[in-house]
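First the structure, in the form of structure tokens, and then the observations on it.
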Amino acid sequence: MYNYVVTAHKPSAVHLSLTANFTGPKDKNLIVTKSNWLVIYLLTPEGLQPILETAIYGRIAAIEVIRSPGADKDSLCLLTERLKFCVLDYDSTTGELV
Numbered sequence: 014m015y016n017y018v019v020t021a022h023k024p025s026a027v028h029l030s031l032t033a034n035f036t037g038p039k040d041k042n043l044i045v046t047k048s049n050w051l052v053i054y055l056l057t058p059e060g061l062q063p064i065l066e067t068a069i070y071g072r073i074a075a076i077e078v079i080r081s082p083g084a085d086k087d088s089l090c091l092l093t094e095r096l097k098f099c100v101l102d103y104d105s106t107t108g109e110l111v
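Numbered by the numbering used here, the letters in the sequence shown go through residues 14 to 111 in order.
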């Protein structure tokens, strides 16, 4: 007998959230983590517009906004529950994380 285990639905409960100028120097973004998902929204006069939604390998334990000296937009420092971390930046030309 074989068992097949899969996550059928994306997580819906918000674990962490913060605001930043992540997608551009004048953009106001809402950044939300849901278990192992990172969701980025753009705040517009009409409301929140989804920009990016991506899975992260590992459950997100902490997230912090950082800005390098001389940079015009923010980066994200992300930490997983197994103490792995990465610094993420948004490439506005391709619309992807780097």
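Quick reminder that beta carbons are idealized off the backbone N, C-alpha and C, glycines included.
Note that the structure is predicted; figures quoted are calculated from it, not measured.
Q. Per the contact definition of three or more C-beta pairs closer than 8 Å, is the segment 46-56 in contact with the segment 67-74?
A. yes
Q: Quick one: measure Cβ to Cβ for residue 34 and residue 104, integer angstroms, because I've assumed they're closer than 8 Å.
A: By 1-based counting over the sequence shown, the position of residue 34 is 21. By 1-based counting over the sequence shown, the position of residue 104 is 91. The C-beta distance from residue 34 to residue 104 rounds to 15 Å, too long to meet the 8 Å contact threshold.
Q) In this structure, does DSSP put residue 54 in helix, strand or coil? A) Position 41 of the sequence shown, counted from the start, is the residue given in the question as residue 54. Strand, per DSSP.
Q | Beta-carbon contacts of residue 111 that lie in its chain and below 6 Å, excluding the five residues immediately before and after | A | Here residue 111 refers to the residue found at position 98 of the sequence shown. Contacts found: 102, 104.
Q: Go ahead and pull the three-state DSSP assignment for residue 18.
A: Numbered from 1 along the sequence shown, position 5 holds the residue referred to as residue 18. Coil, per DSSP.
Q) Who does residue 68 pair with in a DSSP beta bridge? A) Here the question's residue 68 lines up with position 55 in the sequence shown. Paired residue(s): 50.
Q: Please name the residue in 81, 40, 69 whose C-alpha comes closest to that of residue 94.
A: Mapped onto the sequence shown, residue 94 falls at position 81. Comparing Cα positions, the closest option is 69.
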